[in-house]
Each structure stands twice: as C-alpha cells, then as structure tokens.
Amino acid sequence: ESWRGAAGGNPGERDEVTEEADRAGRVGPPERIGRYRIVAEIGRGGMAVVYRASLDGPRGFAKEVCLKRILPGAADDPAMVDMFEREARIAATLQHANVVQVFDFELHEGSPFLVMELVDGPSLWQVFNAAARAGRPISVAAACGMVVQALRGLHHVHTRSLEGRPMGLVHRDVSLHNLLLMRNGELKVADFGIARATQLGERTRTGVLKGKLAYIAPEYVATGKADHRGDLFSIGVVLHELLSGVRRTPP
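Residues in the sequence shown are numbered consecutively from 1186, following the numbering used here.
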C-alpha cells in the first residue's frame, strides 16, 4: 500500500480516493476507535483506512496521532490480517528520528488498528508533483538533504538486532510515496506493511516480488531474494527522480 497520508500529508488535505468515496455517499468515519477520538479521515487503500485522531485525557490533555485501521473486508482475509500484524511487530522494534514511530496496537470490534506518529507534512510524492506542476526543480541541496535523512532511517532499520542477533530487516517498499516530510524539514521513513524480518519468522514465497516495480532492484527481480541493498537501490531511484524531475519507468 502507498499512503499519501498514512502518517503525513497536509492535515486539511483529503486524497482523491477519499473524496470520490464521499461523493458516492459513503458513511463517514466513526466517532471513536478504542480510546481514540477520530478527527478526520486522511486516506484509504485496499487494506486499511487512515484517520487523524486524538488521545484525550484529563485537564485538557490531548495528543494528536495517526490511526490506521484494517478495513472490514480485509479483516476477513487471514493474509491481510497477517500483513497488518506483521507491520505492527516490525515497526514496534524501531525507534529513530527518521522513522515513523508506532505507539500502540489494539483491537476494536474485532479489527486490529495501529496508532502512529502523525507527520504534519507531505510525502515526497506530493513534493515531487508540486514541483512538477510549478515548473520549479527541486534543488540539489534539498534533494540530497532529504535522501540523507532517509538513509539514516534505513540504516537504523537495517542494523536492528533482537537478543544480540541481526533482525535482517528490509523495508522493500522505499519510494517517494513512503517518505514523509515534516514541516520542520525532518524526513520520516513510513509504511512497513511489506517489510521482512528474518528474526521475526518472516519469509517471502519464492517468485513473489514485493514493492513498486519502478523501485525494485534488478537483482531482486532476477533472484526473488531481497536484502538491504535493494532498499539502497530504491533510495537511489528516489534521488534520481527528485533531481531529474522525471519518474523512473520500469524496464
């Protein structure tokens, strides 16, 4: 899944999918999910819906968060539920300034949901499109600065260990869509829905490729085996797109 607003995006901006569904008369978001008050829907895909939410406490305490809930239809699919729960398990092991933080994982009416850090800015996909529409290229300094931050976050991901053993964690879906930029300039790596961690018992079936084709390393396509070098190839594609202003076409 690619989430333009999974943990980011302009707080007042709704994506095209959400607006189209609203026009079709879809029922609005619930008032609460578990302990969290729902403020607005940010976006949705084939597996989950993402909300801007608030955890309210006594004496005016309130913390804004991003809440990602599996859709009712997907909740009946064991493979979808497993992917969603895997994202929670992997993301819970990560704690870095350049990685979106996961705060909570619970069930509501039998459906799992994730509570994450709310990023108050756009994805690099939105930045890329805005620059293209304005006819103003992204500067070399800005592009490199954002990619360096992404590399710091990915280094944290790739070097995580569990009980002294390397986790073998690979994101597998690094793209403009899953890199989120806060208004203060801090960049966050997001969306670990198809990540793999060997020490958490994760395996990919032979011949099944995960990720967006334009960002997949040729070696991964040839062998079906992903490691951290595939993420580095993907971030290289991101840098190329930011600097050239042209999307990469899969070979």
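Note that CB positions come from ideal geometry on N, CA and C, so glycine has one too.
Distances from the alpha-carbon of G1421 to those of S1346, L1361, H1341 and M1301 put L1361 closest. Pairing V1355 with A1411 gives a Cβ-Cβ distance under 7 Å. If you ignore the 5 residues before and after L1428, its C-beta comes within less than 6 Å of the C-beta of A1328, all in its own chain and listed in chain order.
Here F1377 has E1272, I1275, A1276 and H1356 as same chain residues with Cβ atoms under 7 Å from its own Cβ, once five neighbours each way along the sequence are excluded.
DSSP, reduced to helix, strand and coil, places D1305 outside both helices and strands of the structure shown, so it counts as coil. Residue pairing by DSSP places Y1221 opposite I1218 and L1240 in a beta bridge. I1275 sits in a helix when the DSSP states are folded into three classes. By the neighbour-count criterion, in which 16 or more other beta carbons inside 10 Å mark a residue as buried, P1307 falls on the buried side. Of all C-beta pairs linking the stretch 1253-1271 to the stretch 1308-1318, fewer than three are shorter than 8 Å, placing the two stretches out of contact. Burial is judged here by how many other beta carbons sit within 10 angstroms of a residue's own beta carbon; Q1280 has fewer than 16 and is exposed. When C-alpha distances from S1419 are compared across L1364, E1270, K1248 and N1369, the shortest belongs to L1364. When rounded, the separation of the alpha-carbon atoms in E1226 and V1235 is 6 Å.
For I1420, the enclosing alpha helix (DSSP H) covers residues H1413 to S1429. In the three-state reduction of the DSSP assignment, E1226 falls in the strand class, which pools E and B.
Sequence-distant Cβ neighbours of A1233 in its own chain, meaning closer than 8 Å and more than five residues away, are E1186, K1253, R1254, I1255, L1256, A1259 and F1269. For L1398, there is no enclosing alpha helix (DSSP H), since its DSSP letter is neither H nor E. For the options Y1221, P1214 and L1240, the alpha carbon positioned closest to that of R1229 is the one of P1214. Just so you know, the alpha carbons of R1217 and M1301 end up roughly 16 Å apart. Using a Cβ distance threshold of 7 Å, T1278 and R1345 count as a contacting pair.
Taking C-beta separations shorter than 8 Å and ignoring five residues to either side along the sequence, the partners of V1332 in its chain run I1420, V1423, L1424 and L1427, following chain order. Distance from the CA atom of L1398 to the CA atom of G1330, rounded to whole angstroms, is 25 Å. Where V1287 is concerned, there is no enclosing alpha helix (DSSP H), although the beta strand (DSSP E) around it starts and stops at V1287 to H1293.
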